[in-house]
Structures are given as structure tokens and as C-alpha cells.
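These notes concern the structure reproduced below.
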Amino acid sequence: MEVYEAILAKRDRRSYDLSRQVPGDIVDRLLQAGRMAGSSKNEQPIRAIVLTDSEIKASLSRCADYSDHLPTSPLVIVLVRVEGSRAFDAGRVAQNIMLAASGLGLDSCPVGVQHDGCARSVLGLPDDWIVAMAITLGYPTADADDRARSGERRIAKSDWVKWNQWS
-17 MEVYEAILAK RDRRSYDLSR QVPGDIVDRL LQAGRMAGSS KNEQPIRAIV LTDSEIKASL
43 SRCADYSDHL PTSPLVIVLV RVEGSRAFDA GRVAQNIMLA ASGLGLDSCP VGVQHDGCAR
103 SVLGLPDDWI VAMAITLGYP TADADDRARS GERRIAKSDW VKWNQWS
């Protein structure tokens, strides 16, 4: 799948085929895609914690709002960042991972982790690291809508983009 096609086809999904695990070579490719994301001043302040343990996933889900799907997701990648670094860099890593996942036939969904103290405890983070976000991943269910997004439910491009100035 071409990158542009992966972008248009990407949909956030919270339900995955639980009979299929994500193979190690695919996980490696996702992590490599994330690792290759640029960062401000090339500081590379983002690290990934891969969760496969169901108890840890369940514990982390209690640290985030709207995360009921996290414990049953076949794969969860938590992005952490050095305290004081730019959250923007984590977004770049996450987008690389999610687009690579789309191109590899996986669905994904970003998850905000709002309760940092809880997440730090669950993940055993050092004091100078904070959770940026999590990404759930897995293969689509058999009944998943496989149509590419049409854009019908998006803001019209003419309302979304302005040229040179707002008006």
C-alpha cells in the first residue's frame, strides 16, 4: 500500500480480531517506523514500551479515559517522553507507527493517558519520564468496514484550508 493510500484508509478502530496476534517481525517494523520519526533538534526524546501482558494492559487502562478496549488489544505500544520534551515529537512517532500499521494490514487507535501518576506506577517509569500516549493495534475483525474513508464526514476542504490568511 502506498503512503497516501494508507493515510486515506486509516481509521481509528478499537475492536480487533482477538484470534490473531501481531507477529514479532511486524512489531519490529512498527517500532522501526516509530524510531525513524523526526524530532525537534534531533533530541529523540521518545521511547516505546511494548505491552503484551494482559494484566499490565488492564492496569494501564485504568490510567486512561475511554480505554475500555486497551486490555483486549493484541498489541499496545506506549510512548513515553523525557520530562520537558515536546509532546509534538510523540505525535510524530505515533503517526509513523499508525500509518505503517495501516500499510501492513493492521488497525490502530491512539489512546490518551490522562492519569500520569497511575501510568508511571504501572509502567515503572523513572522520575524524569512521562507517558505521552498509547497506541492499540491488531488485525481487523471479519466484519470491519474495509472501505476507504470517503471524506463525507470530514469538514469540507474549502472550510478546512485557508490560503495566506484566515479570511
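Positions -17 to 149 (our numbering) are the ones given, in order, by the sequence shown. Glycine included, C-beta positions come from ideal geometry on N, C-alpha and C.
Proximal residues to residue i (C-beta, below 7 Å), its chain only, five neighbours per side dropped
i	result
A40	P53
I38	V104
Proximity to residue i [Cα-Cα], best of the options
i	options	result
I117	G87, A138, K139 and I79	I79
I(-11)	G20, L88, V113 and G106	L88
D7	A83, E(-16), R29 and V(-15)	A83
D(-6)	I137, E134, R68 and G120	G120
G16	D109, V75, S1 and R135	V75
Y(-14)	D109, I137 and G85	G85
R2	I112, T34 and G99	T34
V66	Q77, Q26 and C91	Sequence check: residue 66 is Gly here, not Val. Ranking Q77, Q26 and C91 by Cα distance to G66 puts Q26 first.
Own chain partners of residue i with C-beta closer than 8 Å, once the 5 adjacent residues on each side are dropped
i	result
A46	L52, V93, G94, V95, Q96, H97, A101 and A116
V9	V32 and L57
A126	R(-5), S(-3) and D89
Backbone secondary structure at residue i - three-state DSSP
i	result
W145	coil
C45	coil
I59	strand
D89	strand
L119	strand
V104	helix
V95	coil
A114	strand
A30	strand
Beta carbon of residue i nearer than 8 Å to that of residue j
i	j	result
A114	V64	no
S43	S36	no
A19	I59	no
L0	P56	yes
K23	L81	no
S21	T123	no
D71	I28	yes
Cβ of residue i within 8 Å of any chain B Cβ
i	result
S21	Here there is only one protein chain, and chain B is not present.
* Runs of alpha helix (DSSP H) lying entirely within the region -17 to 9, each at least 4 residues, in chain order -> -15 to -9
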